[in-house]
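Reading the sequence shown from the start, the letters are residues 450 to 834 in my numbering. First comes the structure, then the notes that go with it.
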Amino acid sequence: MPAASLTQTPSRVSAAHRAIAAVFFCNGLGFASWVSRIPAVRDGIGLGEGELGTALFALAAGAIVAFRLSAKGADILGTRMQLLLAAALYCFALPQPALVGSHISLAVTLFVFGAANGAVDVTMNALGVEVERQAGRPVMSSLHGMWSAGGLSGAVLGSLAAHQGLSPAVHLTLVAVLLAGVMLAVRPSLPEASPAHDTPAAKGRPDATMLLLGAMALCAFLVEGAMADWSAVLLRDTLSTSEAVAPWGYAAFAVAMTVMRFAGDRVTLKFGAVGVLRFGNLLGAVALAAALFTQSLGLTLFAFVLAGVSLAIVAPVVFATAGRRSRTTPGHGIALVASVGYAGFLLGPPVIGWIASLVGLGTAFGLLVVLMAALAAMSGQLREQ
């Protein structure tokens, strides 16, 4: 598969940027659409919490398997074609969990959906690195902002669909058709990633930089996963908030992260990614630590906002750096880092729960403070690319 030309006109680079931004948005929209209908799918099949947990684990397993296989597939087919095929499978798989009637069939369909989502994730990030290379400026943060915006849009649409009594099967099918239409529209503008670097070192173990990026992804995704699952519980248990107010914690965190991602490219271009990561995560660690010692809802929410701002550019910077520093293709570097990061996202909630059962939830949240401080320290080990 031929690589993208090294000399792209500004209009073609801009078109490629818009196309890959649309892919990020659609991926977030589709995934959040599924998440918003999980309760309805669970109730329709009549699953218990344990059975649902097993089915959701199948989704995660599919994603982790696809992370590595999709990078190898891109070597054969080309990253652009790999993305188009993965997106086609994604659109097909999205409504399938809402069409099944048993625990086993749900797990199977979620494994396929997870694999498609993982393949899209790796390849769209690899093409994001290519667009960033062609543009000669940071764009990964805004691309991840588009994913977050798509996620928020999918959550809102899911709520509206449920309110209107639309079944999960109809809702997710309509979303899949919409996403397929967008992919067909942007297909001509999608770039091709740079060719593989065929060097002896490429076949060896990950170098120190890749291991560092993996550790940063692990910490960042672990914090994000813990915030997603436990922030509402923390507000409910430690501040005695109502059930209606408890979700405000994660909402503050997620909205702040989304907004900062759209500003992240300009901020990192002006101040440098390493400096922003070091200062931001140190600030986030201090803010979360302060939140554990206050009984003020307002101060706690403000701390969650700072934590969201601090974590916002970690994934874009880590993925972009992994793609650039990969000794083969961007997809291989991103697949490695994404695999480790996703493991952190899965581990975060149960680790916090296990610690909380021993020492209390407030103390367990202290682990997030330590992880954000570690992120600040590890950021100092990165050199500006």
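Just so you know, even glycine gets a beta-carbon here, dropped at the ideal spot from N, CA and C. Computed from a predicted model, the values in this text were never measured in an experiment.
- With a contact defined as Cβ atoms closer than 8 Å, A784 and V571 qualify at about 5 Å.
- At a cut-off of 4 residues, the continuous stretches assigned as alpha helix (DSSP H) that sit fully inside the segment 491-548 are 498-526 and 528-542.
- If you draw a 10 Å sphere on the C-beta of S608, you find fewer than 16 other C-beta atoms in it, and that means exposed.
- In this structure A507 is in contact with A556, their Cβ atoms being roughly 4 Å apart against a cut-off of 8 Å.
- Judged by their CB atoms, A752 and A739 are nearer to each other than the 8 Å cut-off.
- Apart from sequence neighbours up to five positions away, the residues of its chain that approach G829 with a beta-carbon distance below 8 Å are V723 and R727, ordered along the chain.
- Relative to the Cα of V735, the nearest Cα in the group P617, G567, V758 and V716 belongs to V758.
- Residue burial annotation: L737 is buried, with at least 16 other C-beta atoms found within 10 angstroms of its C-beta.
- Within its own chain, the residues whose Cβ lies closer than 6 Å to the Cβ of S485, once the five positions on either side in sequence are excluded, are A604 and G607, listed in chain order.
- A contact is defined here as three or more CB-CB pairs under 8 Å, and the segment 490-499 fails this definition with respect to the segment 663-673.
- Where G603 is concerned, the enclosing alpha helix (DSSP H) starts and stops at M589 to H612.
- Here T717 carries a helix assignment [DSSP, helix/strand/coil].
- In the displayed model, P459 falls within a helix according to three-state DSSP.
- Counting C-beta atoms within 10 angstroms of its own C-beta, I469 has 16 or more neighbours from the protein chains shown and is therefore classed as buried.
- In its chain, beyond the 5 residues on either side, no residue has a beta carbon closer than 7 Å to the beta carbon of L615.
- Here N574 has F768 and I783 as same chain residues with Cβ atoms under 6 Å from its own Cβ, once five neighbours each way along the sequence are excluded.
- Distance from the CA atom of R774 to the CA atom of V766, rounded to whole angstroms, is 12 Å.
- Rounded to whole angstroms, the gap between the alpha carbons of L732 and R467 is 33 Å.
- When secondary structure is reduced to three states using DSSP, A695 falls in the coil class, being assigned neither helix nor strand.
- Counting along the chain, the unbroken alpha helix (DSSP H) around T812 starts and ends at L810 to A813.
- Judged by beta-carbon spacing, G563 lies beyond the 8 Å limit of A625, meaning their Cβ atoms are not closer than that value.
- Here DSSP, grouped into helix, strand and coil, assigns G550 to coil.
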